[in-house]
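Following our numbering, the numbering of the sequence shown begins with 22 at its first residue and continues without gaps.
Ideal Cβ placement from N, Cα and C applies to all residues, glycine included.
Treat the numbers as computed from the prediction; the structure is a model and nothing was measured.
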Amino acid sequence: MKGLIIIDFSRTIYDKPNDRLFEGVVDFLEKYGKHYALVIISRDDTEKRTRHIQELGIDHHFKVMIIRDKKGLEEFEEAMEKTGFGPEDTWTIGDKVRTEIAIGKELGCRTIWFRHGKYADVEPEHEKGQPDHTVSSWKEIKDIIPI
(Lines of atoms letter the chains of each structure in order from A and count residues from 1; the text may use other names and numbers.)
(Lines give C-alpha, C1' and ligand atoms only; values in the text may rest on other atoms or scores of the structure.)
Protein backbone atom coordinates (compact mmCIF):
# COMPACT_ATOMS: atom_id res chain seq x y z
CA MET A 1 0.00 0.00 0.00
CA LYS A 2 1.23 3.45 -0.93
CA GLY A 3 -0.49 5.25 1.92
CA LEU A 4 -3.76 6.19 3.53
CA ILE A 5 -6.68 8.24 2.22
CA ILE A 6 -9.12 9.46 4.87
CA ILE A 7 -12.43 10.45 3.30
CA ASP A 8 -15.40 12.25 4.83
CA PHE A 9 -18.81 10.77 4.00
CA SER A 10 -21.58 13.41 3.92
CA ARG A 11 -21.23 15.94 1.12
CA THR A 12 -17.85 14.50 0.10
CA ILE A 13 -18.64 10.96 -1.06
CA TYR A 14 -22.38 11.17 -0.60
CA ASP A 15 -24.43 13.95 -2.19
CA LYS A 16 -26.92 14.31 0.66
CA PRO A 17 -29.34 16.79 -0.99
CA ASN A 18 -29.69 14.50 -4.04
CA ASP A 19 -29.53 11.21 -2.10
CA ARG A 20 -26.78 9.64 -4.20
CA LEU A 21 -23.03 9.16 -4.47
CA PHE A 22 -21.15 11.91 -6.28
CA GLU A 23 -20.18 11.15 -9.85
CA GLY A 24 -16.79 9.43 -10.00
CA VAL A 25 -16.77 8.16 -6.40
CA VAL A 26 -17.20 4.45 -7.17
CA ASP A 27 -14.52 4.55 -9.87
CA PHE A 28 -12.15 6.34 -7.47
CA LEU A 29 -12.77 3.82 -4.68
CA GLU A 30 -12.25 0.86 -7.02
CA LYS A 31 -8.97 2.20 -8.44
CA TYR A 32 -7.44 3.74 -5.35
CA GLY A 33 -8.52 0.95 -3.00
CA LYS A 34 -6.00 -1.31 -4.76
CA HIS A 35 -3.12 1.03 -3.87
CA TYR A 36 -4.15 2.88 -0.71
CA ALA A 37 -5.80 2.01 2.59
CA LEU A 38 -9.14 3.84 2.44
CA VAL A 39 -10.82 5.01 5.64
CA ILE A 40 -14.20 6.67 5.87
CA ILE A 41 -14.92 9.06 8.74
CA SER A 42 -18.46 10.16 9.48
CA ARG A 43 -20.35 11.91 12.25
CA ASP A 44 -23.63 10.08 12.81
CA ASP A 45 -25.26 7.18 14.60
CA THR A 46 -22.88 4.26 14.01
CA GLU A 47 -25.48 1.62 13.18
CA LYS A 48 -27.52 3.91 10.92
CA ARG A 49 -24.51 5.22 8.94
CA THR A 50 -22.93 1.77 8.62
CA ARG A 51 -26.17 0.39 7.20
CA HIS A 52 -26.41 3.33 4.76
CA ILE A 53 -22.85 2.78 3.52
CA GLN A 54 -23.60 -0.93 3.08
CA GLU A 55 -26.81 -0.15 1.16
CA LEU A 56 -24.80 2.10 -1.17
CA GLY A 57 -22.57 -0.91 -1.87
CA ILE A 58 -19.28 0.80 -1.04
CA ASP A 59 -18.46 -0.58 2.42
CA HIS A 60 -16.06 -3.24 1.08
CA HIS A 61 -13.71 -0.53 -0.24
CA PHE A 62 -12.86 0.73 3.24
CA LYS A 63 -10.21 -0.83 5.44
CA VAL A 64 -11.71 1.02 8.41
CA MET A 65 -14.98 2.91 8.97
CA ILE A 66 -14.93 5.37 11.87
CA ILE A 67 -18.45 6.54 12.62
CA ARG A 68 -19.01 8.50 15.81
CA ASP A 69 -21.17 11.23 17.27
CA LYS A 70 -18.24 13.62 16.79
CA LYS A 71 -15.47 14.07 14.26
CA GLY A 72 -12.25 15.36 15.72
CA LEU A 73 -8.51 14.95 15.87
CA GLU A 74 -8.78 11.63 17.72
CA GLU A 75 -10.75 9.98 14.90
CA PHE A 76 -8.13 10.97 12.32
CA GLU A 77 -5.32 9.74 14.59
CA GLU A 78 -7.24 6.48 15.04
CA ALA A 79 -7.43 6.05 11.25
CA MET A 80 -3.65 6.37 11.00
CA GLU A 81 -3.06 4.08 13.97
CA LYS A 82 -5.37 1.34 12.67
CA THR A 83 -3.79 1.38 9.20
CA GLY A 84 -0.18 1.88 10.28
CA PHE A 85 0.41 5.03 8.23
CA GLY A 86 1.77 8.34 9.46
CA PRO A 87 0.70 11.82 8.37
CA GLU A 88 3.43 12.00 5.73
CA ASP A 89 1.71 9.10 3.89
CA THR A 90 -1.86 10.31 4.47
CA TRP A 91 -4.30 12.29 2.35
CA THR A 92 -7.45 13.82 3.85
CA ILE A 93 -10.44 14.61 1.61
CA GLY A 94 -13.38 16.58 3.00
CA ASP A 95 -15.93 19.28 2.24
CA LYS A 96 -15.45 21.26 5.46
CA VAL A 97 -12.31 23.33 5.38
CA ARG A 98 -12.67 24.28 9.06
CA THR A 99 -12.92 20.70 10.33
CA GLU A 100 -11.70 17.86 8.08
CA ILE A 101 -9.13 19.98 6.26
CA ALA A 102 -8.01 21.87 9.38
CA ILE A 103 -7.55 18.58 11.27
CA GLY A 104 -5.61 17.05 8.39
CA LYS A 105 -3.33 20.10 8.23
CA GLU A 106 -2.83 20.07 12.01
CA LEU A 107 -1.70 16.45 11.82
CA GLY A 108 0.63 17.09 8.88
CA CYS A 109 -1.42 15.26 6.23
CA ARG A 110 -1.85 16.38 2.64
CA THR A 111 -5.35 17.76 2.16
CA ILE A 112 -7.93 18.08 -0.58
CA TRP A 113 -10.90 20.35 -0.06
CA PHE A 114 -13.94 19.05 -1.96
CA ARG A 115 -15.38 22.52 -2.44
CA HIS A 116 -18.94 21.77 -3.35
CA GLY A 117 -22.39 22.46 -1.95
CA LYS A 118 -23.32 23.71 1.50
CA TYR A 119 -19.80 24.55 2.75
CA ALA A 120 -18.25 25.72 -0.54
CA ASP A 121 -18.15 29.36 0.56
CA VAL A 122 -16.81 28.76 4.08
CA GLU A 123 -13.17 29.86 4.04
CA PRO A 124 -10.38 28.64 6.36
CA GLU A 125 -10.16 30.45 9.68
CA HIS A 126 -6.35 30.60 9.66
CA GLU A 127 -3.59 30.65 7.08
CA LYS A 128 -2.28 27.31 8.39
CA GLY A 129 -5.70 25.78 7.65
CA GLN A 130 -5.38 26.35 3.90
CA PRO A 131 -5.93 23.14 1.92
CA ASP A 132 -3.11 21.80 -0.23
CA HIS A 133 -5.55 21.33 -3.11
CA THR A 134 -9.11 22.46 -3.87
CA VAL A 135 -11.42 20.54 -6.23
CA SER A 136 -15.08 20.54 -7.16
CA SER A 137 -15.29 17.03 -8.63
CA TRP A 138 -13.89 13.55 -8.01
CA LYS A 139 -12.41 13.58 -11.50
CA GLU A 140 -10.00 16.32 -10.37
CA ILE A 141 -8.82 14.27 -7.37
CA LYS A 142 -7.44 11.60 -9.69
CA ASP A 143 -5.05 14.23 -11.08
CA ILE A 144 -3.70 14.99 -7.60
CA ILE A 145 -3.20 11.68 -5.77
CA PRO A 146 -0.77 9.41 -7.64
CA ILE A 147 -1.50 5.73 -8.14
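Span of the beta strand (DSSP E) around residue i
i	result
Tyr57	Tyr57 to Arg64
Arg32	No beta strand (DSSP E) holds Arg32; DSSP gives it neither H nor E.
Met86	Val85 to Arg89
Thr111	Thr111 to Gly115
Rounded Cβ spacing between residue i and residue j (contact assumed at less than 8 Å)
i	j	result
His56	Ile133	Contact doesn't hold; Cβ gap of about 16 Å is too wide.
Ala100	Ile27	5 Å
Leu42	Asp48	With a Cβ gap of about 10 Å, Leu42 and Asp48 do not count as contacting.
Lys169	Val46	Here the chain covers residues 22 to 168 and nothing more, so residue 169 does not appear.
Nearest residue (CA-CA) to residue i, options the options
i	options	result
Met22	Asp142, Ser158, Gly105 and Arg136	Gly105
Lys92	Ser63, Glu51, Gly107 and Arg41	Ser63
Leu94	Ile79, Val85, Glu121 and Lys103	Glu121
His147	Gly107, Arg119 and Asp80	Arg119
Gly107	Ile114, Glu96, Asp90 and Leu128	Leu128
Met138	Glu51, Ile74, Val156 and Glu76	Per the sequence presented here, residue 138 reads as Gly, with Met not at that position. When each option's Cα is compared against that of Gly138, the closest is Val156.
Cys130	Glu102, Asp29, Trp112 and Glu144	Trp112
Ile34	Arg136, Glu144, Pro145 and Glu96	Arg136
Gln75	Glu102, Phe30, Lys52 and Glu96	Phe30
Glu161	Ile114, Gly150, Pro145 and Lys149	Ile114
C-beta contact flag for residue i and residue j at 8 Å
i	j	result
His82	Gly54	yes
Asp110	Tyr140	no
Asp65	Ile87	no
Glu44	Trp159	yes
Residues that DSSP places opposite residue i in a beta bridge
i	result
Val156	Phe135
Gly24	Tyr57
Leu42	Tyr35
Run of the alpha helix (DSSP H) containing residue i, from where it starts to where it stops
i	result
Gln75	Thr67 to Glu76
Lys163	Taken as a continuous stretch (DSSP letters only), Lys163 belongs to no alpha helix (DSSP H), as it is neither H nor E.
Ala100	Leu94 to Thr104
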